[in-house]
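Counting in my numbering, the sequence shown runs from 221 upward without gaps.
As structure tokens, the structure follows; a few thoughts come after it.
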Amino acid sequence: MTRQGQARSDRLHAAAMGSVATGVAAYWLDYFTAGHVRSSDDPAYIAFENAFPAADGLMAASFAVSAWHLTRGRAVAVPLGIAAGGAMTFLGAMDTLWNLEHGNYRRMTTEMAVETGINVVSLVFGPWTVARLWRRREALAG
Numbered sequence: 221m222t223r224q225g226q227a228r229s230d231r232l233h234a235a236a237m238g239s240v241a242t243g244v245a246a247y248w249l250d251y252f253t254a255g256h257v258r259s260s261d262d263p264a265y266i267a268f269e270n271a272f273p274a275a276d277g278l279m280a281a282s283f284a285v286s287a288w289h290l291t292r293g294r295a296v297a298v299p300l301g302i303a304a305g306g307a308m309t310f311l312g313a314m315d316t317l318w319n320l321e322h323g324n325y326r327r328m329t330t331e332m333a334v335e336t337g338i339n340v341v342s343l344v345f346g347p348w349t350v351a352r353l354w355r356r357r358e359a360l361a362g
């Protein structure tokens, strides 16, 4: 791919990372205010979900800062993005396992459809980000 093509790919990837960071903030804003995204009122579910905001916040901040640096062609985008992608993969796996263990995918409400979408994005975009940025590390370094 040409240098111009790589720069365009980096901008698209950065936009996707920024969208993820924004989506995470929107999710938690709704969760703690209106509650539309809550798929259950079960106290165990609430306790489980309430364990995620700090990790999700760190992940979202890492995505946002990585995106900013990636649009400027800076190598620091790589470790930040890999950390964010790894966190997303881990958090997505934790959430997916919870949903499988509790039979949540069997009752596909609107809220559970949102949750399923988040799980899929987490388990696809997280590893893809790690792999893509790892491949870009040398080009961004210099």
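Backbone N, C-alpha and C fix where the C-beta goes; we use that ideal spot for every residue, glycine too.
Nothing here was measured: the structure is a model prediction, and the numbers come from that model.
- Contact between Thr-242 and Gly-301 does not hold, since the beta-carbon distance rounds to 16 Å and is not under 8 Å.
- Distance from the CA of Leu-320 to the CA of Glu-335, rounded to the nearest whole angstrom, comes to 12 Å.
- Taking one beta carbon from each stretch, the stretch 304–316 and the stretch 325–343 have 3 or more pairs nearer than 8 Å; the two touch.
- Assigned with DSSP and collapsed to three states, Ala-295 falls in coil, not helix or strand.
- Note that the stretch 263–277 does not touch the stretch 287–297; fewer than 3 beta-carbon pairs, one per stretch, sit closer than 8 Å.
- A check of alpha carbon separations from His-233 across Gly-337, Tyr-247, Val-285 identifies Val-285 as the nearest.
- Closest option to Leu-353, judged by alpha-carbon separation, among Met-314, Ala-303, Asn-324, Ile-338: Ala-303.
- Taking Arg-258 as reference, the option from Ser-282, Arg-356, Thr-330 with the minimal CA-CA separation is Thr-330.
- Around the beta carbon of Ala-280, 16 or more other beta carbons lie within 10 angstroms, which makes this residue buried.
- Its Cα nearest to that of Phe-283, the residue Val-244 stands out among Tyr-251, Phe-252, Val-244, Ala-359.
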